[in-house]
Amino acid sequence: MAKAEKFSVVGQRVQRVDGFDKVTGESKYIADIILPGMLLGKILRSPYPHARILRIDTSKAEHLRGVRAVVTAEDTLKRPWGAFFADQYILSVGKARYVGEEVAAVAAVDLDVAEEALALIDVEWEPLPAVFDAEEAMKAGAPLVHDDKKRNIAVTLDIERGNIQRAFAESDIIVEDTFQSAPQWHCSIETIGSVAEYASSGKYTIYMNSQTLFNARYRIAAALGVPETDIRIIQSAVGGGFGGKSCDDNNALVAAILARKAGKPVKVINSREEEFLAGCRPRVFMKIDVKLGFKKDGRIRAKHIRIIADNGAYSAKAPAITGVAAMRHDTCYKYSDVKTQAYLVYTNKIPTGAFRGFGNPSAEWAVEQAIDIGAHELGIDPMEIARINAAESGYVSPHGNRVTSCELKQCLDMTEKMMDWKKKRADKKPNTGLGLACTVHVSGKRHFGDYDGSSATIKINEDGKALILSGEGEIGQGVHTAMCQIAAEELGVRVEDVEISKADTDLTTFCLGAFASRLTYISGNAVKNAASNVKQQLFQQASEMLEANADDLISHGGRIFVKGAEGKFVTVADAARARLFRHNGAPIVGSGSFDADSVLPDKTRFGNESGAYNYGVQAAQVEVDRETGQVKVLQYVIASDCGTVIYPIGAEGQVEGGFAQGIGYALIEGLQFDEGRPVNPNFSDYRIPSMRDLPPLTHAFADSYEPTGPFGAKGLGELNMDPTAAVISNAIFDAVGVRIKTLPITPEKVLKALTEKG
Amino acid sequence: MKKKIQLTLNGKKTILEAPAHRLLLDLLRDEIGLTGTKEGCGTGDCGACTVFLNGKPVNSCLILSGELDGAELVTIEGLKIGPELHPIQKAFIQDGGAQCGYCTPGMLMMAKALLDENPNPTEEEIRFALSGNLCRCTGYAKIIQAVQDAAKEIRQAARR
């Protein structure tokens, strides 16, 4: 149920708090950090997809002038680490399992020397049989990527809710098809990098452009075998994340061991090619069989999905992503009977992992097309099918997801209107068509231990300005601005009077970081609670000064006064100074935390995974050129339900940017592998959308209020690219009657399908 | 072998020594300490390292120091007009043209190059001129808006 509230800061078109530094070039990204005596590190990578290391001789490299350290697995504990499964090493132990795997590394006085030294490291390799396709890898007799993983299977899911056999028997029509999703690279314009420093007392200080600092600290501590307190991570400005900078790679660990061995700070920055080969973990690619049973009236009666997901050589976040692809979409529509089977399979390729959408774009690519096929077979408008099945507030999914607010139907209405859907459907022109898809995402996900929370501290400076201390990561999405707005709204001060610190694991309290579209909702709640705590302290002090009851006070624009008597006030600065500058005084400082009302899913993966669910609808009108197979997107519309919009410019930017990545995923982006070796690891051959590639977009936010969110807000960041590929494919089918089932949708594929259709 | 290079950098005469093979991008960042110019790809594909060389925008990752003697360079650090932000910088802040901000210095330099030549560009002309500058965050909508707003502001200021 939407609820209109008047806010003075929340929802205002404020400018981002870090905007000035960004437009002047003064923001310090990881490559801009320079420490006294700093060395530069480079990594030697495996040229083979699967090979045993018989011998490594580093002596020539060590003797090169200007080299300060050379490291191999011998300089590590040879202890595997990983987000969910400990299966990867800092540097190859015994063998390498994909092209690009870190084998050895060098720290030198400059990059020329470091690169020369890499060429002097002599590795004797014994190439081994390798496997590149997940389905092949599951077959008996396939080469094993890890000796202890039978048939290369990392995860198996087999879950049935309700009675799937009966549900299909009761269906009037059944749709069955197979869809192949594609890998996608994050392509943040800034690559992953770190600057590590080691003090001989045992403390590592690591500057990282990570989006999840405390998770990084936990994993780095585990891999190095030291307590977490011995690792301090300081976040640099981050040049884009999208899931790729969530510390599933070895960059910072290599920098740390080089710094320890050299006794000097060491910077390691991935080149663009390294970023493609072994940096960010690309989107998990999946082969998805979908079977849907519909009633004649359009209700979905049964859903069976079977997924084979490519894990690559190590696990990163793919175990959780596979579960999301298998189950998350069942929170979008009202399902009763579902069956899901999924296999996550090791191959000798780059480990796959977290990328905006986290399994949803793959699942929605398949399921939203299957629903569209059903709509066409039933002769029902896809908009109506979506409406008939759409989830609503109060819905509980078959897997236990509890929906506290849902404006999916409102989003459908908005989309219909913005696209002028009915009129366009009625006046259909040759070779043009309309496509639609719905999406759901979480606002945080409980999967790193039994916690999906955040904490924050706010202190009031003696000039009355508030400083938020938070370890949550600003990675460009603008969450710091939203957090400042939330604090300002709660404190009753101007947003210009709130600042926020950089994330630093030694100075800020525990935070899980930027993933699962969680920050506005979860860290927003933590900040709001911290501000509420601070406000109580301010009001306590002000009540003495105003000789009034603290319960009768309100604050606005930095002034505290009795409600209705605005003329007599004390400022926040007055109260803060009065509290501090006296005998037995105290600074005004308060903390707050928030842990979402979700549960860690049980062994059958049942349980409410998130505190709130965000919804969206997207539609496209496309025109297909029958001569060339070119798809032109004539118009695109998006309606999003993210609860209250806290920071409108930022929220719009999330929709527009997510959409651009969705268009890239749908139509452009693809990395070609040859025997596990990426053949186009650069921006000339792996193209991401430029300004000229993007069609016109119209978008709007639903009138929505999430009761558990800060001022009614919930998540938004990933929603916007989840369904885009399916939308485009559905529109192509509507235009020319061919259905493309593998990504990306290239003109070649469209032309081939048109030729085959005749 | 280091070579002596005389430059005008952001309006100031500068003399320095660098190997002829040193890339302009590395010269700026590592030898001169101007880190506002960013490396995104190192192959001239993304535009993050765009600077002005003799009045024209170039990818500084593709220019060798050996070509620079006598050159006039302007980097993001030289975009401000005195202590004031350039209108294109102001518009990027106002409209949300920067998210992560990493492509922003290059994008701003290219946008300035466009507006220097064409003070009233159409959306199509903006899309064409800036298509070599990749941004992964914004979807470009707010960048286009910012360039249009800056153009308007510059035209109005010229009339004042």
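Taken in sequence, the protein lines are chains A and G.
Using my numbering, the first residue of the first sequence is number 6, and each one after it goes up by one.
Using my numbering, the first residue of the second sequence is number 1430, and each one after it goes up by one.
Glycine included, each C-beta is placed from N, C-alpha and C at the ideal position.
- THR234 of chain A sits in a helix when the DSSP states are folded into three classes.
- Contact with chain G is found for GLY663 of chain A, since one of that chain's Cβ atoms lies less than 9 Å from the residue's Cβ.
- Contact annotation: ILE211 of chain A and ILE225 of chain A have beta-carbon atoms nearer than 9 Å.
- Within chain A, the residues GLY30 have their CB atoms less than 7 Å from the CB of GLU1506 of chain G, given in chain order.
- Between the stretch 540-552 of chain A and the stretch 503-514 of chain A there are fewer than three C-beta pairs closer than 8 Å, too few to call the two in contact.
- When CB distances to chain A are screened at a threshold of 7 Å, the residues of the stretch 1517-1544 of chain G falling below it are GLN1518, PHE1521, ILE1522, GLN1523, GLY1525, ALA1527, GLN1528, CYS1529, GLY1530, TYR1531, CYS1532, THR1533, PRO1534 and LEU1537, in chain order.
- Here HIS68 of chain A carries a helix assignment [DSSP, helix/strand/coil].
- At least 9 Å separates the CB of GLY399 of chain A from every CB of chain G.
- In the three-state scheme derived from DSSP, where H, G and I count as helix and E and B as strand, LEU558 of chain A is classed as strand.
- Any Cβ of chain G closer than 9 Å to the Cβ of GLN482 of chain A would place that residue at the interface, and such an atom is present.
- In the displayed model, TYR338 of chain A falls within a strand according to three-state DSSP.
- At a cut-off of 9 Å, the C-beta of SER1560 of chain G has a neighbouring C-beta in chain A.
- With contacts defined by Cβ atoms closer than 9 Å, ALA267 of chain A and ALA78 of chain A do not form a contacting pair.
- Note on geometry: alpha-carbon atoms of ALA1447 of chain G and ILE61 of chain A lie some 36 Å from one another.
- Between ASP600 of chain A and ALA519 of chain A, the alpha-carbon positions lie close to 15 Å from each other.
- Under DSSP, no beta-bridge partner is assigned to TRP426 of chain A.
- Interface with chain A (9 Å Cβ-Cβ cutoff): PHE1481 of chain G is excluded.
- For VAL108 of chain A, no alpha helix (DSSP H) segment is defined; the enclosing uninterrupted segment is the beta strand (DSSP E) at 107-113.
- In the DSSP assignment, PRO1486 of chain G falls within the unbroken beta strand (DSSP E) covering 1485-1488.
- DSSP, reduced to helix, strand and coil, places ALA91 of chain A outside both helices and strands of the structure shown, so it counts as coil.
- In the DSSP annotation of this structure, the continuous segment of the beta strand (DSSP E) that includes ALA471 of chain A starts and ends at 471-475.
- Only those residues of the stretch 11-26 of chain A whose C-beta falls short of 8 Å from the nearest C-beta of chain G are listed: GLN20, ARG21, ASP23, GLY24, PHE25 and ASP26.
- For the stretch 176-195 of chain A, residues whose beta-carbon sits nearer than 9 Å to a beta-carbon of chain G comprise HIS191, CYS192, SER193, ILE194 and GLU195.
- Residue A:LEU474 holds the alpha-carbon nearest to the alpha-carbon of SER459 of chain A among A:GLY42, A:VAL447, A:LEU69 and A:LEU474.
- The contact set of ARG697 of chain A on chain G, defined by CB atoms closer than 8 Å, consists of ARG1556, PHE1557 and SER1560 in chain order.
- Put simply, the backbone Cα of HIS1515 of chain G is about 35 Å away from that of ALA718 of chain A.
- Going by beta carbons, LEU417 of chain A and VAL642 of chain A fall outside the 9 Å limit.
- Annotation for ALA536 of chain A: the continuous alpha helix (DSSP H) segment containing it runs 529-551.
- Shown here, HIS446 of chain A sits in a strand according to DSSP, grouped into three states.
- Ranked by Cα distance from ALA318 of chain A, the options A:GLU131, A:ASN613, A:LEU258 and A:ALA101 are led by A:ALA101.
- Note on geometry: alpha-carbon atoms of GLY714 of chain A and GLN490 of chain A lie some 14 Å from one another.
- Three or more Cβ pairs drawn from the stretch 1522-1541 of chain G and the stretch 1554-1573 of chain G lie within less than 8 Å of each other, which places the two stretches in contact.
- For chain A, the residues of the stretch 1477-1502 of chain G that bring a beta carbon within less than 8 Å of one of its beta carbons are ALA1477, in chain order.
- Scanning its chain for C-beta atoms nearer than 8 Å, with the 5 sequence neighbours on each side dropped, one finds around GLY742 of chain A the residues LYS762, in chain order.
- Runs of the beta strand (DSSP E) spanning 3 or more residues and lying entirely within the stretch 1474-1545 of chain G occur at 1479-1482, 1485-1488 and 1500-1503, in chain order.
- In this structure, ARG286 of chain A places its C-beta atom within 9 Å of the C-beta atom of ASP253 of chain A.
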